[in-house]
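Peer 1: Take this structure first; my questions come after.
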Amino acid sequence: MTEENIKVQIRNLYKIFGNNPKKVLPLVKDGMGKPELLDKHNHVLGIQDVSLDIPEKRIQVIMGLSGSGKSTLIRHVNRLIEPTAGEILVDGEDVMKMSDDQLRDLRRFKMSMVFQKFGLLPHRLVEENVQYGLTIQGVDESEAKKRAQHWIDRVGLSGYERHYPGQLSGGMQQRVGLARALATDAEILLMDEAFSALDPLIRFDMQSILLELQDELHKTIIFITHDLDEALRLGENIAILRDGALIQEGDAQEIVLKPADDYIADFTKDINRAKVIRLYGLATATPNGFDGPTVDGDMVLDEAMPVINEAPDRTVGVTDETGKLIGTVDLSTAIRALHA
Amino acid sequence: MTEENIKVQIRNLYKIFGNNPKKVLPLVKDGMGKPELLDKHNHVLGIQDVSLDIPEKRIQVIMGLSGSGKSTLIRHVNRLIEPTAGEILVDGEDVMKMSDDQLRDLRRFKMSMVFQKFGLLPHRLVEENVQYGLTIQGVDESEAKKRAQHWIDRVGLSGYERHYPGQLSGGMQQRVGLARALATDAEILLMDEAFSALDPLIRFDMQSILLELQDELHKTIIFITHDLDEALRLGENIAILRDGALIQEGDAQEIVLKPADDYIADFTKDINRAKVIRLYGLATATPNGFDGPTVDGDMVLDEAMPVINEAPDRTVGVTDETGKLIGTVDLSTAIRALHA
Amino acid sequence: QECGDVSIAEMDWASAELMANVDAIILEEGYGCDVSLIPGATTTTFASMSEKAEPDVAPELWINAVRDPLSAAKEEGSLVALNDGPITGLGEGWWVTPAFAEEHPELDTVEKLLERPDLFPYAEDESKGAFVGCPAGWGCQLVNANLFRAFDMEEKGWVLVDPGSAAGLDGSMAKAADRGEPWFGYYWSPTSMIGKYNMVMLPFEAEFAGRENWDGCIALAEQDCQDPQPTAWTVSEVETVVTDDFMEKGGVAADYFKARVFPGDVMNAMLVFMNENQATGEDAAFEFLMTHEDIWTQWVGEDVAAKVKDAL
Amino acid sequence: MEFLTEFPSLGRADLSAMRRWIDGNFREFTRATGEALEAFFNPLLKFLVWFEDLLQATPWPIILLVIGGLAWLGARDWKITIGSVVAFVLIGVFGMWEDTMSTLAIISVATILCIAIGIPIGILMSRSDRMQSIITPILDVMQTIPSFVYLIPVVMLLGIGKVPGLIAVCIYAIPPIVRLTNLGIRLVDADVMEAADAFGASPRQKLFGVQVPLALPNIFAGVNQTIMMALSMVVIASMIGVQGLGVPVLRAISNQYLALGLMNGLAIVALAIIFDRVSQTYGKRLQAYRTGRGND
Amino acid sequence: MEFLTEFPSLGRADLSAMRRWIDGNFREFTRATGEALEAFFNPLLKFLVWFEDLLQATPWPIILLVIGGLAWLGARDWKITIGSVVAFVLIGVFGMWEDTMSTLAIISVATILCIAIGIPIGILMSRSDRMQSIITPILDVMQTIPSFVYLIPVVMLLGIGKVPGLIAVCIYAIPPIVRLTNLGIRLVDADVMEAADAFGASPRQKLFGVQVPLALPNIFAGVNQTIMMALSMVVIASMIGVQGLGVPVLRAISNQYLALGLMNGLAIVALAIIFDRVSQTYGKRLQAYRTGRGND
Ligand SMILES: Nc1ncnc2c1ncn2[C@@H]1O[C@H](COP(=O)(O)OP(=O)(O)OP(=O)(O)O)[C@@H](O)[C@H]1O
Ligand SMILES: Nc1ncnc2c1ncn2[C@@H]1O[C@H](COP(=O)(O)OP(=O)(O)OP(=O)(O)O)[C@@H](O)[C@H]1O
Ligand SMILES: C[N+](C)(C)CC(=O)O
Ligand SMILES: [Mg+2]
Ligand SMILES: [Mg+2]
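Chains as they are written, first to last, in my numbering: chain W, 161 to 500; chain D, 161 to 500; chain B, 49 to 360; chain H, 700 to 995; chain S, 700 to 995.
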């Protein structure tokens, strides 16, 4: 992989909710944790010293327990929430130092957001909701209508253009919010549990949209999810929060195979390991070569199993990107890795 | 299994949203589908001729595409929505024919509900929200407080008793709704995507609560979810809706292995088959006996794989409940079944 | 001789306030009554008295507005007029501002002035002259409307402006007088306004054209007065009216009410005093009782006068 | 042409016969029922008189204390408490103490009465569209028919004095609280109502547990308007014999005493502002959740 | 004891000197600025006179047509349209056509003016708590200072007639729309506002795209109250020389003509109800989403 630009940079971010956050900030900096802060000082620790670099053109997944500060963190990126301390840089510019106008332009043209609670405009029709970001940008009406229609169709809401949000099911409302965010064609997408109300089929379809967007248009996407499979499918990089603090960051394989602590191990225990573990992680060196069938080391076990099963000796060779053999994997190794 | 009582019986239920549902009902009865009805008559088909018997003391899972009518269906059970046609019987009594008082008592003492959109009382503290059902029932204050506190602790919100819902994260709000529903100790629980905003750890814990409740207190639970794994863990019986109609009903294995149509096959394709497929479904008869290790046919592949892998010949015998051998399964068969 | 509770109407203009308060002090201190003052306007008070016999006394009732029902009530016996002239020197008529009178000394009668509507341009239609009449419902409203016709003022280019209320009438006059603008309209005395602004009353050239013309036409509603004749103003009438309840209770102070007459010049002086000091009726009543002993002691017996003097 | 510019109305004679007929009938009605009505309202009158006497007789330092105390109880805010006391001191210094006590007596009774009657009517009105369509025109009439018009029959029935004054004030001041209570309840979020329904809340439980608390912003806007309307009626009330700040205002008008009117008018305003601030701050305290201060 | 029951107020002489000083100053001010003010308001006067003349001169069938047309345009409801026309026919039949036209002229201008001025002020007020705390007391004064008090200076400045009448009406009728616009905007759901913010909506876009539309239920409650207040001022306006239905009402009061007062009062009520129903139904149409009728 090539050296990447950092798109969004979060530096030592703190957010404390309560009557006098500044007063308790030093305590938090001295290491007081969330439960103690709540108990003794009646302040809620939202974000605790989070630093995170989000590279351009990537999908950054954020996970964590309910209440661990994911929504709070993502809201800081477009400054819907003012931090108690810390910096957020977008394309190198400090969001906290922006004037109202700059901030508005940032939100209009550079970012768009899907809200956990949808945040639809109840008084506007579905099509008007989807056009909202475009209207704000000043895109002319017929163009906006066309682009909105495209996304309405794409999220599967054709026929409901002239319904009000209140007339839709939860998942349909969520898709309106999704279409609204996608319609603006912003570089950075902030998605707060954007698919949580969707069934597996539509969810898969929506994930595919994101992957396409990222692939073709190189969008930077910050994506909060609770669904491990979804995280694995989308997330090139996953960050895990607990009690407002960032406790591990890395790619899926790293997090599943080398959890930083028991919490994370627990967190990922239910994952379908067959879809995470890739062959190169399992390959054992074969000093004297191998002449059976070979497969790409990047393949996940889920796909590799039938191949291994059919291979002579139930053993396959594993190659790197360049096609060079790096070792072999046999069926027993594979099965043991799956059920570790 | 013994002959069971039917707790909730839904018979030929129709629900059409729009200005004049009665007028278009005959069209729907004559077979007009949802897209056509929307297109030509501007009415939304919510529920189309659904009949479903939900046995006592069971967890009935309802799944289906976003917008397929799950929430609409569950709302009919406690008559938050009036049907366009059809009957709903609870314990043999027709809900539609109940007087206001009867209906109130039904809702107070027999049922409680978790809403997809939470439906918390914004002006009441968390503890007051959790006590709400009890207050309505007239339970005295200290008792209500005690029971509420138990559930607050159980869903992991201790410390937030005196916060308002608006000060909590999405998942925390959802847990308040959950605690509120559980606190009333009703026989029937209606749960509309009750865990959708929760992370895997807490979700697992909440699922365990449900299973315990069902096990110990024999509650009847109607549970809407989009999460296949959750459905499999909880659902003794799964019903699948599409465009308002019930298209398949059965236990998990049935639905995964014998999908009624492509839609359902698609729907379940992403499932971790290792956790669904049980050995008895794969066993091939061995007329001349088998003397290797045997395992219970009820075991899912996920658990069986390491056993098979370690067994001599990578083949195990499969027994029924009584311990009688019903056949054998070898590793290749198992791997093929997983990756069909 | 028990007096008991007496309620006195305190109407909302200066002279009536003064009278009500003088009556109140004298009845309380002199006759040992338990007096309450009830604020009100002419007609609401009158209605309450005739229908509910509350309050007991209306010291200064201008009967123009309530002439018919009052005579009916008198016939029925429910109301009794104890004094048909508690103030002397009453005057009603048509007035102009002093600045105007100075500027146009030649227009010294109503008739002469009526030829010059152009001197009093009406704000809403400047081709017309404005004549400010009485607010709706006052007796003088009917009179002015009929005189307006009697003098053919419409043809002469006048508009009869309805000021709407006492406040409107006073305000329009005060504004004009303050700014030295021309103003032509109805007013009456004794009032502080007249003295304060030195308003000039214009005499009519026409003679008083007889009671029949006045009572049978000019004082009636427009539709009941087919053929009004030009005429000078009649004498104005004010009465002190009490309820028959009050009389039955003994009417202890009936003699006092019968005797009580405020000379016009004294009343005027009192009104000027009130105006200058923005004094309340109560303030003015004490002032009157202290400075005009010669007048009020004649209204009551010596013993009563002594008691009142003691209380001052 | 005449026909077109002049509306072809009933003949003058017909109209006046009709009017006389109505007036005559009403007069008879008055004579027939007046006393019964007066007897009915007598306890109210006694109470009003007693209350006014009480305020008048109580030494002013005690009144100041009570006012400060009430303001504090309602608002729990030092600024408002001190402001109220200072306002009363100024009223006293400028010689309007007595009139103010009279006005305070009748207006506080009227406001409390209006709110106590108005909120239930508003609730009733929110119950069904039918109720709303019955009550709305009545409110329209109450608010727009000129007070002077109903003063006539009220005075004919009850004479002049405190009771008819109170009635006149209430007729005018009740509608806003009724309307805004109704609106507030109707605006309550359907999702929350659905949850209450699902738990089997009775209409009463829904009302007091959910609808009224969530309608509070609107209900308190109604309280504000009712206070304003009640105080704007002080002068009208004094036209039918109610003592208080309205009397000097009327005197000021008829004599063109600008300053006198202004001072007494401002005393009325001061009462309005005190009533309003105390009630609004109380309302804010009831709505703690809107500022998110739950954790204390 | 005296000291305790009687508030130690300023001496009689001091008070009266103060009053005289105020009056004197105001009189001077009047003299200095009165004419300029009159000139300033002259175009408004001309317009009001022209409009009234227009209404008076237009043949009544045309007026009925126009009223029916406007009602239809606003409400799109046959019942309301026919009701309005019938009400006007009745008004004509009972001989109140001319007065009604005069009242209609001034009140419709006043209402439109109040709404047009009031909504922006309400919006301004919702922008910051500071603004709110500045504007609220002004509104309190406007609503509670008795009209009679400001009639004096207004008449002294502008004389009697339509312009001071219009000003008096507006002073009284503006506050409700201002207050309820402010309240409505403040009650808009924070989640929706956050979404608008997240898309970079400018304050203007938020205002017209989100806040005002979602505040409509409250804004229209304000419009309703403003209409009611404006029409309740018809009589007061006629006290300073505004022609119309208030004049016969005043006459009725002073003569205790119950029926006359009642009829004219009811004509005022009819105007109020027509104004109100048309505007409210228009408001309902703007809020289609609340009844969920999006799909037509
Ligand atoms: N109040 C309403 N008015 C009109 N249409 C409605 C209304 N409520 C639901 N619908 C329609 O009924 C259909 C079923 O909605 P429902 O909420 O039951 O879906 P769901 O299965 O719960 O979906 P989800 O998984 O997205 O929550 C949808 O097409 C929706 O548009
Ligand atoms: N407005 C607020 N006032 C007070 N506390 C708040 C507020 N918003 C969030 N919090 C607190 O901040 C913490 C983090 O909340 P946040 O919404 O970021 O969680 P989350 O990770 O998004 O959780 P979920 O997965 O449940 O959505 C929670 O403990 C919550 O109680
Ligand atoms: C002349 N006054 C105005 C005093 C009384 C009236 O005419 O009714
Ligand atoms: Mg969140
Ligand atoms: Mg749903």
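Virtual Cβ for every residue (Gly too), placed ideally from N, Cα, C.
(1) Please list, in chain order, all residues of the same chain as D:Thr344 whose beta carbon is under 7 Å from its beta carbon, the five residues on each side excluded.
(2) With a 10 Å radius around its C-beta and 16 neighbouring C-beta atoms as the bar for buried, classify H:Arg997 as buried or exposed.
(3) Check each candidate in B:Arg164, B:Phe310 and B:Phe256 and name the one with the smallest Cα separation from B:Pro230.
(4) For W:Asp199 versus W:Tyr174, is the C-beta distance shorter than 9 Å?
(5) Please state whether the Cβ-Cβ distance between S:Ile814 and S:Glu751 is less than 9 Å.
(6) Give a yes or no on whether 9 Å exceeds the smallest Cβ distance from S:Trp749 to chain H.
(7) By the DSSP assignment, the alpha helix (DSSP H) with B:Ser213 in it spans what residues?
(8) Alpha carbon to alpha carbon, what distance is there between S:Ala966 and H:Ala716?
(9) Tell me the rounded alpha-carbon separation between S:Asn994 and S:Pro819.
(10) Only counting runs of 3 or more residues, tell me where the beta strand (DSSP E) segments fall wholly within the segment 340 to 365 of chain D, in order along the chain.
(11) Does the beta carbon of D:Asn172 sit closer than 9 Å to a beta carbon anywhere in chain H?
(12) Can you tell me the Cα-Cα spacing of W:Tyr505 and W:Ser318, whole angstroms?
(13) Out of S:Gly858, S:Met824 and S:Thr799, which has the shortest C-alpha to C-alpha gap to S:Asn741?
(14) Say whether the segment 391 to 408 of chain W touches the segment 416 to 425 of chain W, bearing in mind that this needs 3 or more beta-carbon pairs closer than 8 Å, one atom from each stretch.
(15) Buried or exposed for H:Gly773, please, with buried defined as at least 16 other CB atoms from any protein chain shown within 10 angstroms of its CB.
(16) How would you list, in chain order, the residues of chain W whose beta-carbon sits under 9 Å from the beta-carbon of S:Leu913?
(17) Which runs of the alpha helix (DSSP H) fall wholly inside the segment 778 to 819 of chain H and span at least 4 residues, in chain order?
(18) I want to know whether the segment 902 to 910 of chain S touches the segment 818 to 835 of chain H - three or more CB-CB distances under 8 Å.
(19) Taking C-beta to C-beta, are B:Ser237 and B:Gly137 nearer than 9 Å?
(20) Once the 5 residues before and after B:Asn261 are set aside, which same chain residues still bring their CB inside 8 Å of it?
(21) Using DSSP's beta-bridge definition, name the partner residues of W:Thr488.
(22) DSSP three-state label for D:Asp190, please.
(23) With a threshold of 16 other CB atoms inside 10 Å of the CB of B:Glu108, please say whether the residue is buried or exposed.
(24) Would you call S:Val720 buried or exposed, if buried means 16 or more other Cβ atoms sit within 10 Å of its Cβ?
(25) If we ignore side chains and look at the alpha-carbon of each, how far apart do H:Cys869 and H:Gln842 end up?
(26) May I have all residues whose beta carbon comes closer than 6 Å to any heavy atom of ligand 2, sorted in chain order?
(27) Just the C-alpha distance for D:Gly191 and D:Leu205, rounded to the nearest angstrom, thanks.
(28) State the beta-bridge partners of D:Lys175 as determined by DSSP.
(29) Could you work out which residue in W:Gly477, W:Arg496, W:Ile495 and W:Val467 is closest to W:Gly487 when comparing CA atoms only?
(30) Using the C-alpha atoms, what's the distance from H:Ala936 back to H:Lys861?
(31) When you check each C-beta in the segment 878 to 890 of chain H against every C-beta of chain D, which residues fall closer than 7 Å?
(32) Taking the continuous alpha helix (DSSP H) assigned at H:Pro912, which residues delimit it?
(33) At which residues does the alpha helix (DSSP H) containing W:Lys418 begin and terminate?
(34) Who does B:Pro169 pair with in a DSSP beta bridge?
(35) Closer than 8 Å by C-beta to B:Glu25: which residues in its own chain qualify, once you throw out the five before and the five after it? Chain order, please.
(36) By Cβ distance, which residues of its chain are closer than 6 Å to B:Met247, with the 5 residues on each side in sequence left out?
Peer 2: Answer, in terms of the structure:
(1) Ser272, Gly293, Leu294 and Gln297
(2) With chain H running from 700 to 995 in the structure shown, residue 997 of chain H is simply not present.
(3) B:Arg164
(4) no
(5) no
(6) no
(7) From DSSP, B:Ser213 is part of no alpha helix (DSSP H); its letter is neither H nor E.
(8) 19 Å
(9) Note on S:Asn994: pLDDT 43, under 50, position unreliable in the model; the coordinate value appears next. Between S:Asn994 and S:Pro819, the C-alpha separation is close to 32 Å.
(10) 348 to 352
(11) no
(12) Residue 505 of chain W falls outside the range modelled here, since chain W spans only 161 to 500, and no answer is possible.
(13) S:Gly858
(14) yes
(15) buried
(16) Leu281, Pro282 and His283
(17) none
(18) no
(19) yes
(20) Pro276, Gln277 and Thr279
(21) W:Thr444 and W:Gly477
(22) coil
(23) buried
(24) Looking at the sequence shown, residue 720 of chain S is not Val but Trp. Result: exposed.
(25) 10 Å
(26) W:Phe177, W:Val204, W:Gly206, W:Gly224, W:Ser226, W:Gly227, W:Ser228, W:Gly229, W:Lys230, W:Ser231, W:Thr232, W:Gln276, D:Gln327, D:Leu328, D:Ser329, D:Gly330, D:Gly331, D:Met332, D:Ala357 and H:Gly991
(27) 12 Å
(28) D:Ile207
(29) W:Gly477
(30) 8 Å
(31) Asp890
(32) Val911 to Ser931
(33) Per DSSP, W:Lys418 belongs to no alpha helix (DSSP H) and is neither H nor E.
(34) B:Gly177
(35) A question about residue 25 of chain B goes unanswered here, because the residues of chain B that appear run from 49 up to 360.
(36) Trp143
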